[in-house]
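In my numbering, the protein residues as written are 276 to 416. Ideal placement from N, C-alpha and C gives every residue a C-beta, glycine not left out. This structure is a prediction, so every number in the text was calculated from the model and none was measured.
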Amino acid sequence: QTCALPIFQVWFGPHATHIGGLLTQPAPIELSMATKGLIARLRDRFVGHHDGIGDDAFDRAFAVKASNLSTAASLFDTGARQALLDAEGHGLHPAVDAHSIHLRRFSQGGQFDSEDMIESDFRTAARLARVVGESFARASR
276 QTCALPIFQV WFGPHATHIG GLLTQPAPIE LSMATKGLIA RLRDRFVGHH
326 DGIGDDAFDR AFAVKASNLS TAASLFDTGA RQALLDAEGH GLHPAVDAHS
376 IHLRRFSQGG QFDSEDMIES DFRTAARLAR VVGESFARAS R
């Protein structure tokens with residue numbers, strides 16, 4: 276079942292702005308993907324990559340957990356991977372699960388964020404929801 280338009284919610288924490296959105300097309304498997312934290316990046320640097328999807332740039336930036344990593348890899352096509360890498364490269368922290376995206380930007384909270392910054396975050400979240408949802412839809416056919 277799909278929804279016609281993504282549904283978004285924004286909330287402001289004391290140290291971050293968060294935007295969550297439902298994907299227009301859910302993944303056919305349970306999965307989670309998020310930017311790697313410092314510990315995971317250090318582990319990869321000294322131990323080597325584990326549980327990646329086979330795309331070096333993507334695997335350096337993101338951790339993916341799924342019951343079947345090859346299926347998970349097929350769900351994130353080149354466009355979805357690039358959109359996620361672009362967001363991460365701009366200091367945002369995207370995460371995806373089977374049904375939603377979550378975008379986090381560290382900040383001092385909503386009262387200090389400009390309208391332009393919040394609008395930019397919404398546009399990025401909407402683009403990610405569209406691109407990832409379309410990628411999931413293509414892979415599910």
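Through-space distance from H365 to S342, alpha-carbon basis: In the sequence shown, residue 342 corresponds to position 67, counting from 1. In the sequence shown, residue 365 corresponds to position 90, counting from 1. Distance between the alpha carbons of S342 and H365: 30 Å.
Less than 8 Å between the C-beta atoms of H374 and L298, yes or no? Within the sequence shown, numbered from 1, the residue matching residue 374 stands at position 99. Within the sequence shown, numbered from 1, the residue matching residue 298 stands at position 23. In this structure, L298 lies closer than 8 Å to H374 by Cβ.
Can you tell me whether R380 is helix, strand or coil according to DSSP? For the purposes of this step, residue 380 is identified with residue 105 of the sequence shown, where counting begins at 1. Note: R380 maps to strand in three-state DSSP.
Do R379 and H293 count as a contact pair if the criterion is CB distance below 8 Å? Your numbering for residue 293 matches position 18 in the sequence shown. Your numbering for residue 379 matches position 104 in the sequence shown. Taking 8 Å as the Cβ cut-off, H293 and R379 qualify as a contacting pair.
Within the continuous beta strand (DSSP E) that includes S307, where are the two ends? As a working mapping, residue 307 is identified with position 32 in the sequence shown. Segment L306 to T310, the beta strand (DSSP E) holding S307.
In whole angstroms, what is the alpha-carbon distance linking A412 and S382? If you number the sequence shown from 1, residue 412 lands on position 137. If you number the sequence shown from 1, residue 382 lands on position 107. Straight-line Cα distance between these residues: approximately 33 Å.
Per DSSP, what kind of secondary structure is G288 in: helix, strand or coil? To locate residue 288, count along the sequence shown from 1; it is residue 13. Reduced to three states, the DSSP call for G288 is coil.
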